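Q:
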Amino acid sequence: MGQDTKSETIVTVRPMQPRTMSGDVPGPRKFLDDESDTSSQISSAISLDDVEAGRSKPKWYRRGGSPALTRWFGAPRSAKNSKRQRWCKWVLIVVVLLGIFGVIAAIVYVSFVGTLISRLAPPPGRSGLDHIVEKWTEPDKNGAFKYEWRNDFSRDIVPKNCHSHNDYWRRVPLYAALAAGCVSIEADVWRTDDDELLVGHSWSSTVKTRTLRTLYLDPLANIFDHRNISTSSTSDKETGMFDADPNKSTVLLIDFKNDGHKIWSVLKSQLQSFRDKNWLTYYDGKAMHQGPLTVVGTGSTPFELVQQNSTDRFIFFDAPLRSISEAQYNSTNSYYASSNLEAAIGGLGLGSITWKQEKFLKQQIQAAEDKGLKSRYWDTPAWPIRVRDRVWAKLMELGVGMLNVDDLVSATRWNWGFCVVAGIALCGNS
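Quick note: the sequence shown uses the numbering used here, first residue 1006, plus one each step.
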């Protein structure tokens, strides 16, 4: 051949196009491979392949996904580190600011509570009784705690109708209750084989040196002796406990814990010196004679022994309040009429006394009062503080004879309306 022949290569491309409504499909396009423009043809073929591949992928893939992710993952490492540092910086600033505000809030809260307590809390007592409470120590083999008598023994203390429940559990038995102004005190006693009366809630908790005499009888005798001496210049010597009301009788409620009949005989012998000095309230068969100390038996106290001595009765009974309508209980043989609060009116439910329960309370309190007895409810709620104060207030409003309390200071010296302010309990157990 005298003339060079150019080779031709036919490239067939089938475009990916949607079908038309008529169903026609466009035919393939043909391109000639011209050696004079090989690079252009190859480029065209590659470009078409890319187009074909691009059309086979979803729309979101072609767009490269979320712009934010594209910017993040596509950004250089230095840019990522810079953004991370900025985020950490802002987080640190927020944490520091929150910490500062938290410290300020805590300081304000503590200051608020401290101010409330300082404004609302009762001032410390300055009487001789308060001095004894500060210095008191446990009885030892030498007997009861001894102290120097002060003539301001009960100065500025107003006696109140409150009963120091389980008084022996307090850091300072007897004196703490008297310093608070409570006129009734409770002691649980257990008789030993050598005819001693130990004080304690259970036999296992008793201690040889903590007896009825060392914790209560000897200190009471010492008080009455000195009260007589301090008023000896007056024509009418008064041996009561409190200067504010010298004729107010202090009540010693003794809970017989084991053998009631044997405890009875031991107790009578230990009280005889009080009776000889006319310090005890007694019934002579015709009339009641009030003394500075009234002794009442509860627990397993034998009621028949209380009734037995009808001419010189100086131990009285704690009658059951729910059975107070029975004729055998009266003011010549009983002093209290007591009941567990829940047993008397049922549970409190939502933490308050219902109108129906209030009706029962009125009836029981009035029934005791009609017989000349003081009503008393034990096992009243101790917590929450708001519920406790609400029950106390209702009982006092209804005229309960004696308020049974565990928290002496809150009961006698705090304003119950301010024991809880803005959800903060300002007065607690004492």
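For glycine and all other residues, C-beta sits at the position ideal for the given N, C-alpha and C. This structure is a prediction, so every number in the text was calculated from the model and none was measured.
Under the DSSP definition of a beta bridge, which residues are partnered with F1191?
A: According to the sequence provided, residue 1191 is Glu. The question's Phe does not apply to it. The partner list for E1191 (beta bridge, DSSP) reads L1258.
Q: Residues in the same chain with beta-carbon distance under 8 Å from V1194, minus the five sequence neighbours each way, listed in chain order, please.
A: Cβ within range, chain order: L1202, L1203, V1204, L1217, I1259, D1260, F1261, K1262, I1268 and L1272.
Q: If you follow the beta strand (DSSP E) that D1281 is in, where does it begin and where does it stop?
A: Careful: D1281 lies outside any beta strand (DSSP E), inside the alpha helix (DSSP H) at G1265 to D1281.
Q: Among the candidates E1139, A1084, T1214 and A1181, whose CA atom is the shortest distance from the CA of G1148?
A: Among E1139, A1084, T1214 and A1181, the Cα nearest to that of G1148 belongs to T1214.
Q: Using 8 Å as the cut-off, can you tell me whether the segment 1401-1421 makes contact with the segment 1165-1178, which would need three or more C-beta pairs spanning the two stretches below that distance?
A: As far as the Cβ criterion goes, the segment 1401-1421 touches the segment 1165-1178, which means the pair count is three or higher.
Q: Which one of Y1288, R1280 and Y1341 has the shortest CA to CA distance from Y1382?
A: For the residues Y1288, R1280 and Y1341, the minimum Cα distance to Y1382 belongs to Y1341.
Q: Strictly by DSSP, which residues pair up with C1167?
A: Paired residue(s): L1408.
Q: For A1181, which residues from the same chain have a beta carbon less than 7 Å from its beta carbon, with the 5 sequence-adjacent residues on both sides left out?
A: Cβ neighbours of A1181 beyond the five flanking positions: V1138, R1175 and L1413.
Q: Is it the case that the Cβ atoms of L1220 and A1185 are separated by a distance below 8 Å?
A: Cβ atoms of L1220 and A1185: not closer than 8 Å.
Q: Apart from the five residues on each side of it in sequence, which residues of its chain come closer than 6 Å, Cβ to Cβ, to V1177?
A: Cβ neighbours of V1177 beyond the five flanking positions: V1138 and W1141.
Q: Which same chain residues end up closer than 8 Å to S1159 when comparing Cβ atoms and leaving out the 5 residues on each side of it in sequence?
A: Cβ neighbours of S1159 beyond the five flanking positions: S1132, G1133, L1134, L1183, M1246, F1247, D1248 and A1249.
Q: Any idea what DSSP makes of G965, helix, strand or coil?
A: Since the first and last residues shown for the chain are 1006 and 1435, residue 965 lies out of range.
Q: Should the segment 1294-1309 be called in touch with the segment 1325-1344, which here means at least 3 C-beta pairs below 8 Å?
A: With the cut-off at 8 Å, the segment 1294-1309 and the segment 1325-1344 touch.
Q: Where DSSP assigns a beta bridge to R1196, which residues make up the other side?
A: Looking at the DSSP assignment, R1196 forms a beta bridge with L1202.
Q: Sorted by chain position, which residues of the same chain lie with C-beta nearer than 7 Å to T1417's C-beta, five sequence neighbours on each side aside?
A: Taken in chain order, the residues that qualify are K1165, C1167, A1185, G1186 and C1187.
Q: Out of F1117, Y1287 and H1294, state which residue places its alpha-carbon closest to the alpha-carbon of I1320.
A: Checked all of F1117, Y1287 and H1294; the closest Cα to I1320 is Y1287.
Q: Below 8 Å on the Cβ atoms is my contact criterion, and I expect S1336 with G1377 to pass it. Report the Cβ-Cβ distance as a whole number of Å.
A: Going by Cβ atoms, the distance from S1336 to G1377 rounds to 3 Å, so yes, they are a contact pair.
Q: Would DSSP call L1217 helix, strand or coil?
A: DSSP places L1217 in helix when its eight states are reduced to three.
Q: Which stretch, first to last residue, makes up the alpha helix (DSSP H) that contains T1417?
A: Counting along the chain, the alpha helix (DSSP H) containing T1417 begins and ends at L1413 to T1417.
Q: Quick check on DSSP: helix, strand or coil for I1350?
A: Helix at I1350.
Q: Report buried or exposed for T1316, applying the criterion of at least 16 other Cβ atoms within 10 angstroms of its Cβ.
A: Exposed, because fewer than 16 other Cβ atoms sit within 10 Å of the Cβ of T1316.
Q: Suppose contacts are defined by Cβ-Cβ distances below 8 Å. Is Q1362 in contact with I1350 by that definition?
A: Contact: yes.
Q: Count the other CB atoms, across all protein chains shown, that sit within 10 Å of the CB of G1130; report buried if there are 16 or more and exposed otherwise.
A: By the neighbour-count rule (16 or more Cβ atoms within 10 Å), G1130 is buried.
Q: Can you tell me where the beta strand (DSSP E) holding L1298 begins and where it ends?
A: Run containing L1298: L1298 to G1304, per the beta strand (DSSP E) assignment.
Q: Taking 7 Å as the cut-off, is the C-beta of D1412 nearer than that to any heavy atom in the ligand FAD?
A: For the structure depicted, the ligand FAD is absent and the ligand set is empty, with no information on it obtainable.
Q: Under the three-state reduction of DSSP, which class applies to F1247: helix, strand or coil?
A: Three-state DSSP puts F1247 in coil, outside helix and strand.
Q: Quick one: Cα of A1387 to Cα of R1395, how far?
A: Approximately 11 Å between the Cα atoms of the pair.
Q: So what does DSSP say about S1344, is it helix, strand or coil?
A: Strand at S1344.
Q: Any idea which residues DSSP pairs G1148 with across the strands?
A: For G1148, which the question treats as bridged, DSSP gives the partners D1145.
Q: Buried or exposed: V1256, going by 16 or more other Cβ atoms within 10 Å of its Cβ?
A: Buried, by the Cβ-count rule.
Q: Among R1155, S1209, L1225 and D1200, whose alpha-carbon lies nearest the alpha-carbon of L1439?
A: Lying before the first or after the last residue shown, residue 1439 is absent from the chain, which here runs from 1006 to 1435.
Q: Whose C-beta lies closer than 7 Å to the C-beta of G1290 among residues of the same chain, with five residues either side of it excluded?
A: Cβ neighbours of G1290 beyond the five flanking positions: S1315 and T1316.
Q: Tell whether a beta-carbon distance below 8 Å holds between S1344 and R1318.
A: Their beta carbons are not under 8 Å apart, which means S1344 does not touch R1318 by this criterion.
Q: Under the assumption that A1373 contacts K1379 (Cβ atoms under 8 Å), give the Cβ distance between them as a whole number of angstroms.
A: Right, their Cβ atoms sit about 7 Å apart.
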